[in-house]
Structures are given as C-alpha cells and as structure tokens.
Amino acid sequence: MTDYGHDLLFGAVLTPATGRPELALGLARVADRAGLDLVSVPDHPYRPEFTEAWTTLSVIAARTERVRVFPNVANLPLRPPAMLARAVASLGALSGGRVDLALGAGAYWDAIAAEGGPWRAPAEAVAALGEAIAVIRALWTPGGPVHLPGKHYGLDGAEPAPPPGRPGIWVGALGPRMLRLTGTLADGWLPSMTRIPPADLPAANAAVDAAAADAGRDPAAIRRLYNLSPPALGSPRGWPERLADLALTHGVSGFLLPADSPGLLQLFATEIAPAVRELVAAARDGRGPSPAPLAARPTPDDGFRLSAERVWDEDDRPSAPPPDPRRRHDDREQAAGQRLIEVHDHLRAELGQLRDLLTEVAAGTLDPGAARSRLHTLTLRQNNWTLGAYCESYCRVVSIHHQREDSDVFPALRRFEPGLAPVLDRLADEHHAIQALVERVDAALVAFVGTDGDITALHAALDLLTDALLSHLSYEERELTEPLARLWGRDPGGGDGLV
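If you use our numbering, the sequence shown closes out at 1549, no skipped numbers anywhere.
Here it is, written out as structure tokens:
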C-alpha cells in the first residue's frame, strides 16, 4: 500500500467541441462554482472537431475564478517547448497563476505528420520529451540568457520568462521508458484508467518510484493523477470508496473526470469529492468517519441551462416544512436517506452518457462498431444497439420511475407527512410536464431516424429534457430526502418503488 500523503485534487476533462464551444465553457463555470480544483481539455490540434486547446484554456481561465487549467496532455511534437513554456508563463500571469502543464511524447503519428510535425520512433519521442522538459524548466528559472544544447530541442541565448507560482509538469506516461522519465524529471504522473487500469498501477508506480530514487529524488514528491473512466467505475454511489482506495492504496491524489453533463460535474464536486476527502482523512488519522445528523446531501441545482426555452417557473415551487434540527438518524435511516439520491444519480449518469453518445454520432466520430461496444457497457442497453434504441430505453426508464413515485411513494408520504402535500402536488405536475418532454424527444428521434441525419431537432429536444429533468431531480431531493429517510427508515423495503 502506498499513500504519498498529497492533498487531494478533483477536476474535469471537458470536450471542446467546435460545433458547440459554449458547452465546454459553461461546464468549466459549473466546475469552478461547484468547487472543483482543475479543468482540462485534450490537445489534438489535428482534429478539427475540437477547438484549439490553448485558446480554449485561455478563455476558460478568463471566465472562471478559482480552478487551475491545463492541457490533457499537450501534444509536444506540434508544440515547441519554448513556446509551451512562454504560453504557460503568459497564461499564468493573466490568470493569477492558475495553470499547470501536462505533457505527452506524442501519439497518432500519421495525424501529426499530416500537420507538418515530426514522425518519431518511441525511443526518439521519449528523448525529445526529456529535452523539452529541460528547455521548459530553463525558461522558467530566473537568470540570464540560456544556452542549452539538444538534438531535438535546445536554446541559444533565450531569455527566461518565469511564470507566477510554480506550475506543475505532469507527464502522461504508459511504457517503461516514459515511466522512468517521469520518475527522473516530472512533478507528476498522469495516466488514464482506460490505458492503465487500477490493477496495473502498483507495477507502474514502482517503476516511477525506482527512477526517482535512482535520480536522488523523493518518490513521494511526484504527484499521481488519474484520468477516470465512469463506465469502469460503475455506479456513482460507489465512487467515494473506490477513489479513496485509489488514494490510500495507489497514491492517487488527482482525480480527473471526463464529463459533458453539468449534473455529473456537480455531483462529483459536491458529493463525491467531499466524501473521498473524508474517507481518506479518516484513514490517515486512524479514525472512523465523522457522524452527521443526516449524511445524505441532495444534489444542488447549479442553474446551468442548455436551452433558452423554459418548461415551468422554478420560483413558485413550494417548500416542505423544515426538518427538526435536533433529529438524529440511525444507520437504517442514513441508508434510506441516500436511496432517492442513488436512484437519481443513475438517471443523471446515463443521461450524461446518452448526451455523449448523441454528440459523437452527430460529429461522426463514433463508428457503428464502437457504438455497439459503448452501449454494451450501459445498464439501459437493449438488444438493438442503435442510438434510437438507447434514446427510447432511457425515456422509458424515466417514465417508469415517475409513474412508480406517483403511484407508490407519494401516497405513502402524504399519509406520513401531511405538510408535504403542496410539494407532492407540484412534483406530480412536473412529472406530467417531463412526460411531455419525453414524448417530444421520442418524436424528434423518429424524425431523425427517418431523415438524412438532421439532428438539430433531436438535440434541441434533448437539451430541454436535460434542463427540466436535472432541475426536477434536484428539487425533489431537496424536499424529500429527509422525510423519506424517516419514512423508509421504518420500512427498509419502502424505497423499492423507485427502482
């Protein structure tokens, strides 16, 4: 077991789609307001469906206040290290020091060569990365003109431009050569769960540690970050324990979540991250988790909207009677209070995956074989793997969920807590409104499948459903989590009507 003792960082990997640039910018603001530490975007200059990484990061930094930004990871063969060093220094000066640098040796060499970049063999690419890090560090060090020889990258009298603070240099490393370079030269290691799964982390960490020790460095000084994979992590309700285990067993202290859904980002920032920090702090202190009156925390509505259309007036929603602040909940009630949120988390997560799939199909970046493989990882999959089947399946699950609430859960709550009647009436009305939006998505889907591929109406319908559903789920959790904890705590099977 290896816990390097670093403070924990949580962040996002956003998709800077050329066709919808406002989406990534809006998600960055969600991450900033929700309390995440990092925001990153991939750097693939040869892919026209993505906006250019450094331009995107600059705008994100200008529109946020606290998150640090970085490329995930910078494509070195198409970005000379001297210019990278000055780009980081400039963005650091403009953002108040809120920038780091993640670097890769290069991949997709055909695409790089098509852009006029070099084609490098593996050993050559690693050597070039080592020289690039030396160039960057030299230009970040105060002093006179720098002379630095190099086969791939060098300096001949360049003037340094130190950035404010101390940006980290994190390396996206997979193979043995890259892991040795990371331990020798880098401030951090940034692999991806899809390429290095948790089972492979011990051996890779050992390689980084050995290289650091050989270089006279403290292995614990090298931060370990991880690009997560939501499908591999499973249901979000189990994420706190899984991420805490990654921190305590494998030394991971930076968790980067790929997310194009504001609800999932909000959940990650306000629910998952605090829970992971609590678990890790408790383990490091040798104590158990701190008890709380009610541990379940409703998912707040971040106010972010994709559509200009509105389904209802959110300002006139009634509120439940305030709970007794002196009330304490036993273990059964604590678990019951979490049940509604867990069911909603499942709906949010698969809505995010549906939106991701729609975006990829629209952009033409997902071929049929990849689509089939992706859909087979979703719990809502059908035998027919098409986008249409998944849209229909998701809409059906939302409808069934609301029907069961209306027929089973709400009547029990009315009997148990009569003061909830106005809230339950409003929630039932919103269920009907959401059902109409589900039917609108279904109609748009039928039109899309029956045409030559115009996806505009389907996108608009799904945007409006996303806005309404995420707002509704947050409102329902805010008003019903505590009453349901008391109700279902008396009847452990009482929440089965939601599933």
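Cβ atoms here follow ideal geometry from the backbone N, Cα and C, with glycine treated the same way.
Asked: By alpha-carbon positions, which one of 1207, 1301, 1319 ends up nearest to residue 1308?; Found: 1319
Asked: In or out: residue 1158 buried (at least 16 other Cβ within 10 Å) or exposed?; Found: exposed
Asked: Given a cut-off of 8 Å on the beta-carbon distance, is the pair residue 1153 and residue 1179 in contact?; Found: yes
Asked: Extract the residue ranges of the alpha helix (DSSP H) inside the region 1469-1506, only unbroken runs of 4 or more that lie entirely within it.; Found: 1471-1499
Asked: Please confirm if residue 1201 has its CB atom under 8 Å from at least one CB of chain C.; Found: Protein chain content of the structure displayed is limited to a single chain, and chain C is not contained in it.
Asked: Could you tell me how far apart the beta carbons of residue 1531 and residue 1314 are, in whole angstroms, since I believe they sit closer than 8 Å?; Found: The pair is not a contact, with the Cβ atoms about 19 Å apart (cut-off 8 Å).
Asked: So which of 1240, 1085, 1191, 1053 has the shortest CA-CA distance to residue 1121?; Found: 1240
Asked: Work out the CA separation of residue 1189 and residue 1483 for me, nearest whole Å.; Found: 59 Å
Asked: Which first and last residues belong to the alpha helix (DSSP H) in which residue 1300 is found?; Found: 1289-1300
Asked: So, for residue 1357: in the same chain, excluding its five sequence neighbours on each side, which residues have a beta-carbon less than 6 Å away from its beta-carbon?; Found: 1513, 1514, 1517
Asked: Per DSSP, which residues does residue 1197 bridge with? Please list them.; Found: 1206
Asked: What does the alpha-carbon distance come out to for the pair residue 1440 and residue 1401?; Found: At residue 1440, the pLDDT of 48 sits below 50, so the modelled position is not reliable and the matter cannot be decided from this model.
Asked: Quick check: what's the CA-CA separation for residue 1235 versus residue 1227?; Found: 12 Å
Asked: Going by other Cβ atoms of all chains shown within 10 Å of its Cβ, with 16 needed for buried, is residue 1222 buried or exposed?; Found: buried
Asked: Can you check the region 1079-1137 for any alpha helix (DSSP H) of at least 4 residues that lies completely inside it and give the ranges in chain order?; Found: 1103-1113
Asked: With a 10 Å radius around its C-beta and 16 neighbouring C-beta atoms as the bar for buried, classify residue 1111 as buried or exposed.; Found: buried
Asked: Who does residue 1277 pair with in a DSSP beta bridge?; Found: 1242, 1306
Asked: Can you give the beta carbon distance from residue 1473 to residue 1370, rounded, assuming they're within the 8 Å contact cut?; Found: 5 Å
Asked: Write down the C-beta distance between residue 1149 and residue 1217 rounded to the nearest angstrom, noting that I regard them as a contact closer than 8 Å.; Found: 6 Å
Asked: Which residues in the same chain as residue 1494 place their Cβ atom closer than 6 Å to its Cβ, once the five residues preceding and following it in sequence are excluded?; Found: 1507, 1508, 1511
Asked: Thinking just about the alpha-carbon of each residue, which of 1333, 1321, 1332 is nearest to the one in residue 1351?; Found: 1321
Asked: Pull up the distance between the alpha-carbon of residue 1475 and that of residue 1367, whole angstroms please.; Found: 10 Å
Asked: Is the region 1324-1338 in contact with the region 1372-1380, if contact means three or more CB pairs nearer than 8 Å?; Found: no
Asked: Considering only the beta carbon of each residue, do residue 1299 and residue 1067 sit closer than 8 Å?; Found: no
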